[in-house]
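Number 730 marks the last residue of the sequence shown (this note's numbering); no jumps.
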Amino acid sequence: MISDNNKNLDFIHYTVMKNEVVDSLCCENSNKIYVDCTLGGGGHSEEILKRISSDGRLIAFDVDDDAINFASKRLEKYKNVTIIKGSYVDIDKHLDNLGIKKITGGVIFDLGASFHQLTKAERGFSFLKDAPLDMRFNQQQDFCAWDIINKYSEKDLINIFSKYGEERFSKRIASAIIKNRPINTTKELSELIINSTPRIKSKIHPATRVFQAIRIEVNNELLNFENTLLKVINLVDVGAIISLLSFHSLEDRIAKQLLKKYSTCRCDKYEPICKCGGKLLEIINKKPITATDEEIKINPPSRSAKLRVAKRV
Numbered sequence: 418m419i420s421d422n423n424k425n426l427d428f429i430h431y432t433v434m435k436n437e438v439v440d441s442l443c444c445e446n447s448n449k450i451y452v453d454c455t456l457g458g459g460g461h462s463e464e465i466l467k468r469i470s471s472d473g474r475l476i477a478f479d480v481d482d483d484a485i486n487f488a489s490k491r492l493e494k495y496k497n498v499t500i501i502k503g504s505y506v507d508i509d510k511h512l513d514n515l516g517i518k519k520i521t522g523g524v525i526f527d528l529g530a531s532f533h534q535l536t537k538a539e540r541g542f543s544f545l546k547d548a549p550l551d552m553r554f555n556q557q558q559d560f561c562a563w564d565i566i567n568k569y570s571e572k573d574l575i576n577i578f579s580k581y582g583e584e585r586f587s588k589r590i591a592s593a594i595i596k597n598r599p600i601n602t603t604k605e606l607s608e609l610i611i612n613s614t615p616r617i618k619s620k621i622h623p624a625t626r627v628f629q630a631i632r633i634e635v636n637n638e639l640l641n642f643e644n645t646l647l648k649v650i651n652l653v654d655v656g657a658i659i660s661l662l663s664f665h666s667l668e669d670r671i672a673k674q675l676l677k678k679y680s681t682c683r684c685d686k687y688e689p690i691c692k693c694g695g696k697l698l699e700i701i702n703k704k705p706i707t708a709t710d711e712e713i714k715i716n717p718p719s720r721s722a723k724l725r726v727a728k729r730v
């Protein structure tokens, strides 16, 4: 894994498809307003700031203190960026507080957990490092992975493992969790998953899907993304770009379905006259853009990235 800024070895960050994402905004020398809903290490944000004019403006959101501290230092020389510690779920309220009614340039989402979050042991995201069950993006949030593992019913555990992790052994794992409570650490949970599932040939660790499902549930990732994307479609001005970078099929499915829905008339097919106002989006790339072979060699997790782009009409 390569760091975008080796001056801070505590925050290792690789910006996936940096050029492709920012290229999609067509923001060279632009004086418009842009939003980075997922600041992270600031890689996409910095590239946007390099390209827009000094009269352009970038608003960036994150709830993770580590990310904000790192990105704030990285972007300190730029005077036309505003970093907001807050969830993109409240994008409409935050922009209103800044006096911004419309996003005139474009919006980007870089979804999922960052490499820093996944590899910093004490954050509790990884099954490879022993730590308390945590997995919160927002460290001020009370609800964490421990609550799911130790308080959810067996039925609810099966549901989230199946829905968010697409885990075929959800019932076995949920049953083992119920029988072995309390479970306090990532190592305990990982070993329990290994011991409660059959040995099968696979390139991924047996705990991968369950840990993904727990992380999504802790941070309400999919519903937050869907609700925010719906807001963004109405917040962007005509001609503005929406750029969506996802890393697993559940995120990509939401992106694909919503972009498709709003790129056509949404009225009942039997309605004689359109009442919805017609299509709101034009899909720029019908097939998702993926990382180059060269990038995948440098950063293997890039292989799962999919970029979908649409323009407000």
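Glycine is no exception: its CB is placed at the ideal position from the N, C-alpha and C atoms.
Cβ pair N609, I650 closer than 8 Å: First, the residue type needs correcting, since residue 609 is Leu and not Asn in the sequence shown. Their beta carbons are not under 8 Å apart, which means L609 does not touch I650 by this criterion.
Please report how far the alpha carbon of I525 lies from the alpha carbon of I701, in whole angstroms. I525 and I701 have their C-alpha atoms spaced approximately 14 Å apart.
Report yes if the CB atom of D482 is closer than 8 Å to the CB atom of G457, and no otherwise. Between D482 and G457, the C-beta spacing is not below 8 Å.
Burial state of S462, where buried means 16 or more other Cβ atoms lie within 10 Å: S462 should be labelled buried.
Bounding residues of the beta strand (DSSP E) (the contiguous stretch that carries S613): S613 -> not in any beta strand (DSSP E); alpha helix (DSSP H) instead, spanning T603 to S613.
For I633, the nearest candidate out of I671, Y581, I595 and R585 (CA to CA): Y581
Would you call the CB atoms of F642 and L528 closer than 8 Å? yes
Could you name the residues that DSSP lists as bridge partners for P549? According to DSSP, P549 shares a beta bridge with T602.
With 16 other Cβ atoms within 10 Å as the buried cut-off, status of C444: buried
Give every residue of the same chain whose Cβ lies closer than 7 Å to the Cβ of F664, excluding the five residues on either side of it in the sequence, and list them in chain order. L528, G529, S721 and A722
Minimum C-alpha distance to L724 - residue among K703, I715, P717 and I501: K703
V439: which of D710, E638, E464 and C454 sits nearest, CA to CA? E464
Whose CA, out of K620, A477 and R670, lies closest to the CA of L639? R670
Excluding sequence positions up to five away, which residues of its chain have a Cβ less than 8 Å from the Cβ of N612? A593
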